[in-house]
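**Q** Okay, so the sequence shown: first residue is 2 according to our numbering, each after it adds one. Below you will find the structure I want to go over with you.
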Amino acid sequence: MFLHPIEWPNKARCAASITFDIDADSLIRDAKRNDAELRLQPISMGQYGPTVAVPRILDTYKRFGLTQSFFMPAWVMENYPDTVESILKAGHEIGHHSWRHEDPMNHSDEVEAELFERAMDTHIRMTGRAPRGYRAPVYSITPAMVTRLIENEFIYDSSMMADDLPYLIKTDAGTLMEMPPHWGTDDWPPFAHFAEIGYMMPVRGPSEGITPFFEELEAMYEAGGFWMPVLHPFLTGRLARWAEMEKRIEKVLERGDIWFAPLEEIAIYARNYTGGIRHVTIDS
Ligand SMILES: [Zn+2]
């Protein structure tokens, strides 16, 4: 049960948005700034995302008639323009995900403001509009960033974890929807194995890693909630893992009463929901 339930449109039992963060080789380029270009293994592991996995994911979405959300560091957009084009052509959303995946905790907010603006310029130039959604690298959102998002007329953030359902963040600067992720539907714990950034998890088999995401969906379905996996093409877009995802998405779609939409649409719906959503105040 939820303290502030949301009734979804068209009597849908549950809202759902599969999100992919296309970090590609920005991860290693930022983590090892002095010699990243020598590290061909992590570079290639990242490159697999936009070049091999994203076409596979887009093909699935096309066959299932889904439009969903992607988050991209602007540096990745600049370096993989064909990926941006194919995502936009299919009608999906691209959200702001930093310049080159720099963790905002590792530099001053002055630096962050500059990187943020540089990324905004890329989004506007390559997508024809300002992004409406933001997800911080490694979920490292700061109060200053919340203010920056509000000032730049963003509709939502997707980095904070204070609730199961979308909720409204209030600050002195205004309001912002939060589309909350959590670690139970994030694919780093089951699938990431990345020595250079100190993330060495025992890699799970495809169904072992993916089953928990759908257990989360069942709970949300029962309770009338919101399901949002946070995935990465170079992890979950690998052949066997995506085959497993595809099988399960197809099954879930057969129910016909789960509202799959880009995050932006769900955020707008929740913000305008007259039944009342949760408000959380943040000091800016
Ligand atoms: Zn990321």
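All residues carry an ideal CB built from backbone N, CA and C; glycine is no exception. The model shown is predicted, which means the values in this text are computed figures rather than measured ones.
(1) Whose CA, out of Trp189, Arg205, Gly175, Arg133, lies closest to the CA of Pro230?
(2) For ligand 1, is there any heavy atom lying closer than 8 angstroms to the beta carbon of Pro213?
(3) Over what stretch of residues does the beta strand (DSSP E) that includes Ile259 continue unbroken?
(4) I need the boundaries of the alpha helix (DSSP H) containing Glu38, first residue and last residue.
(5) For Arg119 and Trp100, I'd like the C-alpha separation in whole angstroms.
(6) Got a sec: does ligand 1 put a non-hydrogen atom nearer than 8 angstroms to the Cβ of Asp22?
(7) What are the uninterrupted segments assigned as beta strand (DSSP E) that are 3 or more residues long and contained completely in the stretch 49-116, given in chain order?
(8) Below 9 angstroms between beta carbons: does that hold for Leu166 and Pro10?
(9) If I measure Cβ to Cβ from Ile170 and keep anything under 6 angstroms in the same chain, skipping five residues before and after, which residues do I get?
(10) Verify whether the separation of the beta carbon atoms of Glu94 and Leu264 is less than 9 angstroms.
(11) Keeping to the same chain, check which residues put their C-beta closer than 7 angstroms to that of Ala193; ignore five residues upstream and five downstream.
(12) Exposed or buried, Val204, counting other C-beta atoms within 10 Å across all chains shown (16 or more means buried)?
(13) Counting pairs of Cβ atoms below 8 angstroms between the stretch 118-133 and the stretch 75-82, do you hit three or more?
(14) Rounded to whole angstroms, what is the Cα-Cα separation between Gly175 and Thr148?
(15) Out of Gly225, Met221, Phe215, Arg133, which one is the CA nearest neighbour of Ile250?
(16) Output the residue ranges of the beta strand (DSSP E) runs that lie fully inside the stretch 129-203 and measure 3 residues or longer, sorted by chain position.
(17) Let me know the secondary structure DSSP gives Ala17 once reduced to three states.
**A** Let me lay it out:
(1) Within the sequence shown, numbered from 1, the residue matching residue 230 stands at position 229. That would be Trp189, whose Cα lies nearest to the Cα of Pro230.
(2) Indexing the sequence shown from 1 puts residue 213 at position 212. No, the Cβ of Pro213 stays beyond 8 angstroms of every heavy atom of ligand 1.
(3) Working through the sequence shown from its first residue, we reach residue 259 at position 258. Looking at the DSSP string, the run of the beta strand (DSSP E) that includes Ile259 is 259-261.
(4) Numbered from its first residue, the sequence shown carries residue 38 at position 37. That residue, Glu38, is in no alpha helix (DSSP H); it is neither H nor E in DSSP.
(5) To locate residue 119, count along the sequence shown from 1; it is residue 118. To locate residue 100, count along the sequence shown from 1; it is residue 99. Each residue's Cα considered, the two are about 7 angstroms apart.
(6) Your numbering for residue 22 matches position 21 in the sequence shown. Under cutoff, so the answer is yes.
(7) 70-73, 94-97
(8) On the sequence shown, position 165 is the one that residue 166 refers to. On the sequence shown, position 9 is the one that residue 10 refers to. Contact flag unset, no.
(9) Start at 1 with the first residue of the sequence shown, and residue 170 comes out as number 169. Hits under 6 angstroms: Leu177, Glu179, Val281, Ile283.
(10) Stepping through the sequence shown from its first residue, residue 94 is reached at position 93. Stepping through the sequence shown from its first residue, residue 264 is reached at position 263. Going by C-beta atoms, Glu94 is nearer than 9 angstroms to Leu264.
(11) Against the sequence shown, residue 193 aligns to sequence position 192. Taken in chain order, the residues that qualify are Tyr200, Met202, Leu236.
(12) The residue you call residue 204 lines up with position 203 of the sequence shown. Exposed, by the Cβ-count rule.
(13) yes
(14) Position 174 of the sequence shown, counted from the start, is the residue given in the question as residue 175. Position 147 of the sequence shown, counted from the start, is the residue given in the question as residue 148. Straight-line Cα distance between these residues: approximately 8 angstroms.
(15) Your numbering for residue 250 matches position 249 in the sequence shown. If we check each option's Cα against that of Ile250, Phe215 comes out closest.
(16) 168-172, 175-179
(17) In the sequence shown, the residue the question calls residue 17 occupies position 16. Three-state result, Ala17: strand.
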